[in-house]
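Q: Take 1041 as the starting number for the sequence shown in the working numbering and just add one per residue. We put the beta carbon where it would ideally sit given N, CA and C, even for glycine.
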Amino acid sequence: MHRFVLHNEEIRDASDKLLAPGQVGLLSGWGVFSTIRVVDGVLFAFERHWARMRKDAAALRVPLPPDPERVRRKLLELVEANLALDATLRVVVVRNTGGMWEGPGIGRASDLIALTSATNDWGSGVRLCYTPHARYAAGEFAGAKILSWAMNLTWLEVAQTRGFDETILLNERGDVAECTSANIFAAEGNRVWTPPVSSGCLPGVTRELLLHEIHVPGYTIEEQALAPADLERAGEVFITSTTRSLLPVAEIEGRAIPQSGGACAALRTAFAAYVDAYVARSVDHGREAPVVRL
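(1) Classify Y1176 as buried or exposed, calling it buried when 16 or more other Cβ atoms lie within 10 Å of its own Cβ.
(2) Output the distance between the C-alpha atoms of V1134 and D1107, rounded to the nearest integer angstrom.
(3) Pick helix, strand or coil for T1309, following the three-state DSSP scheme.
(4) Contact check, T1207 vs T1220 under 8 Å by CB: the rounded distance?
(5) Just to confirm my understanding: we take I1051, look at its own chain, exclude 5 residues before and 5 after, and list those with CB closer than 7 Å. What are they?
(6) Should G1294 and G1275 be called a contact, given that it needs their Cβ atoms to be closer than 8 Å?
(7) Does the Cβ of A1339 have 16 or more other Cβ atoms within 10 Å, making it buried, or fewer, making it exposed?
(8) Which residues does DSSP list as the beta-bridge partners of R1175?
(9) Going by DSSP, name the residue or residues bridged to P1288.
(10) Sorted by chain position, which residues of the same chain lie with C-beta nearer than 6 Å to W1090's C-beta, five sequence neighbours on each side aside?
(11) Kindly indicate the opening and closing residues of the beta strand (DSSP E) around V1132.
(12) Okay, do the segment 1227–1242 and the segment 1262–1281 touch, 3+ Cβ pairs below 8 Å being the bar?
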């Protein structure tokens, strides 16, 4: 991560002591977060990320700052402080109160914390394995992006120990839900499918844009329950996330995925054009990045 962080209204050095054990959300993972791509100093799809955070925060009773535009401007100040015009930004809202371990004198219902980092190079494709019974699709908080992320990190670490890059999380029915930090798509020719939210996946911003905003002539994208066998016999499989865009899957549990169609490439090109247009509109509407002082 970069040198400076945003803590509520202040840009602070990441080494500053800003948090306290009595902030309940720090001890129990009681909070929400999102990961945002910074492109040419613009917070790509910020309004979509904030809308999802607001929905998840309401479900978890986490107080969010009331003014998203003020939050956006503060996040841009962090981008400026870290000279992070093309980067990855993580924004977190931690609940501070509630329960027997609430500390004295906290004073705030929640804390907003944000940090930036260089963008990962994910390579040209990924190798996946399976993790069974990793998502409970019928659960009340299925699909919420919450701070209790240790299980995802553990499953990812186990997969990487086995020589894979990521893992496909299966739900209680054995259907495909998602990866630990990415949605998954399968394609056959010009038809593309991704698991519905009812399968237990998180509604990623890139996934939502592909489903509802990005249209490539000749291609259809639909939600459909997918079994592991559906992925293994597909002509193409790819994953999506804020940091990865669209990334082809090379193999699943040692089985090569042929990548025999052009769906991933066509949609990735269209998605890149959408990002460019979003950044251009932001600049035209005066929502451009702050001037970076060198």
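A: The relevant details are as follows:
(1) Position 136 of the sequence shown, counted from the start, is the residue given in the question as residue 1176. Under a 10 Å Cβ-count criterion, Y1176 is classified as exposed, with fewer than 16 other Cβ atoms of the shown protein chains found around its own Cβ.
(2) As a working note, residue 1134 is residue 94 in the sequence shown. As a working note, residue 1107 is residue 67 in the sequence shown. Linking V1134 to D1107 through their CA atoms gives a straight-line distance of about 16 Å.
(3) Residue 1309 sits at position 269 when you count from the first residue of the sequence shown. In the three-state reduction of the DSSP assignment, T1309 falls in the helix class, which pools H, G and I.
(4) Taking the first residue of the sequence shown as 1, we reach residue 1207 at position 167. Taking the first residue of the sequence shown as 1, we reach residue 1220 at position 180. The pair is a contact, with the Cβ atoms about 6 Å apart (cut-off 8 Å).
(5) Numbered from 1 along the sequence shown, position 11 holds the residue referred to as residue 1051. Closer than 7 Å at Cβ, skipping near neighbours: F1044, E1117, L1118 and A1121.
(6) Residue 1294 sits at position 254 when you count from the first residue of the sequence shown. Residue 1275 sits at position 235 when you count from the first residue of the sequence shown. By the CB criterion at 8 Å, G1294 and G1275 fall outside the cutoff.
(7) Any answer about residue 1339 is impossible in this case: the structure gives the chain only from 1041 up to 1334.
(8) If you number the sequence shown from 1, residue 1175 lands on position 135. According to DSSP, R1175 bridges with N1211.
(9) As a position in the sequence shown, residue 1288 is number 248, starting the count at 1. Beta-bridge pairing links P1288 to F1278.
(10) One-based indexing of the sequence shown puts residue 1090 at position 50. So the qualifying residues of the chain are P1108.
(11) The count along the sequence shown starts at 1 and reaches residue 1132 at position 92. Residues A1127 to R1135.
(12) With the rule of 3 Cβ pairs closer than 8 Å, the segment 1227–1242 counts as touching the segment 1262–1281.
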